[in-house]
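A.B. asks: Read in order, the letters of the sequence shown correspond to residues 2 to 228 in the working numbering.
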Amino acid sequence: MKALKAAIVGILFIWSLNSFADLRDFGYPCFHCQPISYDDSGFLLETSFSKKLSKVFKGEVNLQTRYMNRFSQLKGLMPEIGFSAKINKHFSIKTCYRYNLVWSTGSRVLIAGYYKWKKKGFPLNIQFRTRLETGDGDFWRNRIKTEFNMSKIVDPYSSFETFYRLFTDGFINIIRYEGGLKWRLKKSVYLNTIYRFEKIYDNYSRSYRHYYTTYNHIVGISLGISL
2 MKALKAAIVG
12 ILFIWSLNSF
22 ADLRDFGYPC
32 FHCQPISYDD
42 SGFLLETSFS
52 KKLSKVFKGE
62 VNLQTRYMNR
72 FSQLKGLMPE
82 IGFSAKINKH
92 FSIKTCYRYN
102 LVWSTGSRVL
112 IAGYYKWKKK
122 GFPLNIQFRT
132 RLETGDGDFW
142 RNRIKTEFNM
152 SKIVDPYSSF
162 ETFYRLFTDG
172 FINIIRYEGG
182 LKWRLKKSVY
192 LNTIYRFEKI
202 YDNYSRSYRH
212 YYTTYNHIVG
222 ISLGISL
């Protein structure tokens, strides 16, 4: 019951951040202060490998490829290497390094903490993740994810995430919704089919209250292999 209460508090916290961010769409004093919006679409391809090193530690290698600008431009080719540690059945931590080969300044160091709630016989799994990123952009990211154990072959999932931009104006820069299906191809191999919607606030200035909003619609495939 305590774990369920913690998960509910996490959900309410995330949604409160979302409501706070959306308040910026209203109350602008003049026409030229209104936000400018832009719609884009893209494709995400992700491959990840993981290897259990001991009862506690696990090594992970990940490669992400991202196409944006109506599927026409390669925006990200990002290898990532990291290690995770399982503290108990609910908590785990992870740290990794990511480099974007497309952008020369695209390196980041990530530190994350995970809380997972799962009850035997109950089909819904809930996970809360908080993550700090530093490098080409400094973010504090919070995500709530739910997964429904529908069958032995495929499970639907959904998630909601906010990106809080640190050390600048200090505001929520990205709001991300994601949903998809997790397919179990083998015991150690899974495939995710993904739809992602992102609301991105760019070039925001508190003093002039100007910002540009981008709405991203992204489809993708993620392959995970446990070695």
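Note that beta-carbon positions come from the ideal geometry of N, C-alpha and C, so glycine has one too.
According to DSSP, what are the bridge partners of Arg109?
C.D. replies: Answer is Arg99, Gly136.
A.B. asks: Thinking Gln65 and Gly77 are a contact (beta carbons under 8 Å), I'd like their distance in whole angstroms, please.
C.D. replies: 6 Å
A.B. asks: Is DSSP giving Gly114 helix, strand or coil here?
C.D. replies: strand
A.B. asks: Using the Cα positions of Gln74 and Val155, report the straight-line distance between them to the nearest angstrom.
C.D. replies: Approximately 32 Å between the Cα atoms of the pair.
A.B. asks: Helix, strand or coil: which one does DSSP assign to Ile173?
C.D. replies: strand
A.B. asks: Less than 9 Å between the C-beta atoms of Lys187 and Tyr158, yes or no?
C.D. replies: no
A.B. asks: In or out: Trp104 buried (at least 16 other Cβ within 10 Å) or exposed?
C.D. replies: A residue is called buried once 16 or more other Cβ atoms fall within 10 Å of its Cβ, and Trp104, having fewer, is exposed.
A.B. asks: Skipping 5 residues on each side, what residues in its chain have a beta carbon closer than 7 Å to that of Pro80?
C.D. replies: Leu64, Tyr100
A.B. asks: Whose CA, out of Phe172, Gly43, Phe123, Trp118, lies closest to the CA of Asp139?
C.D. replies: Phe172
A.B. asks: DSSP three-state call for Ile127: helix, strand or coil?
C.D. replies: It is a strand residue.
A.B. asks: Using DSSP with H/G/I as helix, E/B as strand and the rest coil, what is Asn63?
C.D. replies: strand
A.B. asks: Sorted by chain position, which residues of the same chain lie with C-beta nearer than 6 Å to Glu47's C-beta, five sequence neighbours on each side aside?
C.D. replies: Gln65, Ser223
A.B. asks: Helix, strand or coil for Met69, going by three-state DSSP, please let me know.
C.D. replies: strand
A.B. asks: To the nearest angstrom, how far is it from the Cα of Lys193 to the Cα of Phe72?
C.D. replies: With the sequence shown as reference, residue 193 is identified as Asn, and Lys is not the correct amino acid for it. Their backbone Cα atoms lie some 19 Å apart in a straight line.
A.B. asks: Expressed to the nearest angstrom, what Euclidean distance is found between the alpha-carbon atoms of Arg185 and Trp141?
C.D. replies: 31 Å
A.B. asks: In chain order, what residues of the same chain lie with their CB nearer than 8 Å to the CB of Asn70, ignoring the 5 residues before and after it?
C.D. replies: Asp41, Gly43, Lys76
A.B. asks: Can you tell which of Phe149, Val62, Tyr178 has the C-alpha that lies nearest to the C-alpha of Lys119?
C.D. replies: If we check each option's Cα against that of Lys119, Phe149 comes out closest.
A.B. asks: Rounded to whole angstroms, what's the CA-CA distance from Tyr56 to Lys117? Just pull it up for me.
C.D. replies: The question names Tyr, but residue 56 is Lys in the sequence shown. Roughly 18 Å separates the two Cα atoms.
A.B. asks: Contact check, Glu179 vs Arg197 under 8 Å by CB: the rounded distance?
C.D. replies: Yes, they are in contact, since the Cβ atoms of Glu179 and Arg197 sit about 5 Å apart, within 8 Å.
A.B. asks: Straight-line CA distance for Pro112 to Gly122?
C.D. replies: Note that residue 112 is Ile in the sequence shown here, rather than Pro. Approximately 32 Å between the Cα atoms of the pair.
A.B. asks: For Met151 and Gly136, what's the separation of their Cα atoms in angstroms?
C.D. replies: 39 Å
A.B. asks: Report the rounded CA-to-CA distance for Ser189 versus Leu228, giving the unit in angstroms.
C.D. replies: 7 Å
A.B. asks: Since Ile154 is in the beta strand (DSSP E), which residue starts that stretch and which ends it?
C.D. replies: No beta strand (DSSP E) holds Ile154; DSSP gives it neither H nor E.
A.B. asks: Tell me the rounded alpha-carbon separation between His91 and Ser51.
C.D. replies: 19 Å
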